[in-house]
Every structure is written in C-alpha cells, then in structure tokens.
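Colleague: Take the sequence shown: its position 148, counted from the start at 1, is 269 in the working numbering, and no numbers get skipped.
First the structure, which I've put down as structure tokens, then a few questions once you've had a look.
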Amino acid sequence: AGYTYEMAGEDATISSAMDDMILMLLLALVFMYLIMVAQFQSLLSPFIIMFCIPLAFTGGFIALFITGNELGIISMLGFIMLAGLIVNNGIVLIDYINQARREGMSKHEAIIDAGRTRLRPILMTAMTTILAMFTSAIGIGDGSDMIKPMAIAIIGGLVYGTIRTLIVIPCIYD
Numbered sequence: 122a123g124y125t126y127e128m129a130g131e132d133a134t135i136s137s138a139m140d141d142m143i144l145m146l147l148l149a150l151v152f153m154y155l156i157m158v159a160q161f162q163s164l165l166s167p168f169i170i171m172f173c174i175p176l177a178f179t180g181g182f183i184a185l186f187i188t189g190n191e192l193g194i195i196s197m198l199g200f201i202m203l204a205g206l207i208v209n210n211g212i213v214l215i216d217y218i219n220q221a222r223r224e225g226m227s228k229h230e231a232i233i234d235a236g237r238t239r240l241r242p243i244l245m246t247a248m249t250t251i252l253a254m255f256t257s258a259i260g261i262g263d264g265s266d267m268i269k270p271m272a273i274a275i276i277g278g279l280v281y282g283t284i285r286t287l288i289v290i291p292c293i294y295d
C-alpha cells in the first residue's frame, strides 16, 4: 500500500503567515502616510514621499532574484523594514525643499539646493544601513542563513531606492 504525504498543515500555516505579513505591510504604509500628513499638514508632500516605496521594493525584488533567494516570511519582514527606511530619504529631501520655499526660494532653486545640501546625509544614512546588513547578507555568524533574505532585500532596496529617490522625488515635486 502506498502512502501519500501532504504538507497541508504546514502549507496552510505558511500561507496564513504570508497573508498576515502583507496585511502588516499595508497597515504600515497607511500609518506612515497618516503620520506624515499630520507632520507636514499637507496631503501632497506625503503622497510624493510614498513614491519612494515602490522604487525600494523593486530593488529588493531584483536583489532577491539575482541572489536566488525566494520571497518568504523573513524577506517580507525585510520589505516592511525597507518601507520605513526608504521613506526617511524622501522626508529629508521634501522637508528641506519645503523649508527653503518658506524662506522665499523659488521651487526650482529649492529643489536644486535640497539636492546639493541633502545628498550627503541621505547617502550616509543609506550606507550605514547597507554596511550593517552586509555581514548578514553574506552569511557571517550563527543563524545568519535565516535572516539572509531579509538583509538582501533591505540592501537591494536601499541601493536601488536611494539612487532612484534622489532622481524621482525632485522630478515629481517639480
């Protein structure tokens, strides 16, 4: 008699956990937007900043694909973290542009000044996170294999998202 084995219980648990992660990501995005609306007292600036997130996610997916890692629960945690990390770049840029415009600069001058002035801080904050995740991404240390997909998603998302944010956000603002 042949026995058949099913992974229905484990598969159902993984599927449920993935659904929960997607819900958590959507809630994080909604709460980030609402907090930024309250902070900026505007609907437009946070909307512009939220364009950073798809750019970062694209970089995370590309990095996972290139390294041969799958999209799983751990890498989804990386995407949730990435959403919060990449929004900081947009906030720094948009806040400086708004501040310069309040001081009397034209929109175009404010965008160029923000690009020059905030490039270094944005790159420095991105590089510190990228370098901190690097040891996990290459698999150094006990248990690093488990969090490797998360680190790869964060690194790929930050590299691609930061470069694209510095180009796309000023264009959308203009």
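Note that the Cβ used here is the ideal one computed from N, Cα and C, for glycine as well.
State the DSSP-derived secondary structure class of Met171, mapped to helix, strand or coil.
Modeller: Translated into the one-based positions of the sequence shown, residue 171 becomes position 50. DSSP places Met171 in coil when its eight states are reduced to three.
Colleague: Can you tell me where the alpha helix (DSSP H) holding Gln162 begins and where it ends?
Modeller: Locating residue 162 in the sequence shown gives position 41, where the first residue counts as 1. Note, Gln162: premise wrong, no alpha helix (DSSP H); not H, not E.
Colleague: Which one of Ile232, Leu155, Leu150 has the shortest CA to CA distance from Ile207?
Modeller: Against the sequence shown, residue 207 aligns to sequence position 86. Residue Leu150 is the option with its Cα nearest to Ile207.
Colleague: Report the rounded CA-to-CA distance for Leu287 versus Gly262, giving the unit in angstroms.
Modeller: On the sequence shown, position 166 is the one that residue 287 refers to. On the sequence shown, position 141 is the one that residue 262 refers to. Going from the Cα of Leu287 to the Cα of Gly262 covers about 34 Å.
Colleague: Of the residues Ser137, Ala204, Ile135, which one's Cα is nearest the Cα of Leu146?
Modeller: In the sequence shown, counting from the first residue as 1, residue 146 sits at position 25. Among Ser137, Ala204, Ile135, the Cα nearest to that of Leu146 is on Ala204.
Colleague: Would Gly193 and Ala274 be called neighbours here (beta carbons separated by less than 8 Å)?
Modeller: Translated into the one-based positions of the sequence shown, residue 193 becomes position 72. Translated into the one-based positions of the sequence shown, residue 274 becomes position 153. Result no, Cβ atoms of Gly193 and Ala274 do not sit closer than 8 Å.
Colleague: To the nearest angstrom, how far is it from the Cα of Leu298 to the Cα of His229?
Modeller: This structure gives no information on residue 298, because the portion of the chain shown stretches from 122 to 295.
Colleague: Hey, quick one: how far does the alpha helix (DSSP H) through Ser257 stretch, first residue to last?
Modeller: As a first step, residue 257 is located in the sequence shown; it is residue number 136 there, counting from the start. Note, Ser257: alpha helix (DSSP H), 228-259.
Colleague: Would you mind sorting Phe152 into buried or exposed? The rule is 16 or more other CB atoms within 10 Å of its CB.
Modeller: Within the sequence shown, residue 152 is the residue found at index 31, counting from 1. Exposed, because fewer than 16 other Cβ atoms sit within 10 Å of the Cβ of Phe152.
Colleague: Roughly how far, in whole angstroms, is the beta-carbon of Thr161 from the beta-carbon of Phe178, given that I think they are within contact range, below 8 Å?
Modeller: For this step, residue 161 is matched to residue 40 along the sequence shown. For this step, residue 178 is matched to residue 57 along the sequence shown. Before going on, a small fix: residue 161 reads as Phe here, not Thr. The pair is not a contact, with the Cβ atoms about 23 Å apart (cut-off 8 Å).
Colleague: So, does the stretch 164-178 touch the stretch 279-293, judging by three or more C-beta pairs under 8 Å?
Modeller: Touching, per the Cβ criterion.
Colleague: Got a sec, what are the start and stop residues for the alpha helix (DSSP H) Asn190 sits in?
Modeller: For the purposes of this step, residue 190 is identified with residue 69 of the sequence shown, where counting begins at 1. It is not in any alpha helix (DSSP H) - Asn190 carries neither H nor E in the DSSP assignment.
Colleague: Thinking just about the alpha-carbon of each residue, which of Ala247, Leu244, Asn219, Met248 is nearest to the one in Asp234?
Modeller: Translated into the one-based positions of the sequence shown, residue 234 becomes position 113. Selected option, being the one with the closest Cα: Asn219.
Colleague: Grab the span of the alpha helix (DSSP H) containing Asp295 for me, first residue to last.
Modeller: Here residue 295 is taken as the residue at index 174 of the sequence shown, counted from 1. Careful: Asp295 lies outside any alpha helix (DSSP H) and carries neither H nor E.
Colleague: When you compare only the Cα positions, how much space is there between Leu164 and Ile156?
Modeller: Against the sequence shown, residue 164 aligns to sequence position 43. Against the sequence shown, residue 156 aligns to sequence position 35. Taking the straight line from one Cα to the other gives about 11 Å.
Colleague: Less than 8 Å between the CB atoms is what I'm expecting for Ala258 and Leu279, so what's the real figure, rounded?
Modeller: Within the sequence shown, numbered from 1, the residue matching residue 258 stands at position 137. Within the sequence shown, numbered from 1, the residue matching residue 279 stands at position 158. Contact doesn't hold; Cβ gap of about 11 Å is too wide.
Colleague: Report the residue from Gly277, Tyr294, Met271, Asp295 whose alpha carbon sits nearest the alpha carbon of Met197.
Modeller: Against the sequence shown, residue 197 aligns to sequence position 76. Checked all of Gly277, Tyr294, Met271, Asp295; the closest Cα to Met197 is Met271.
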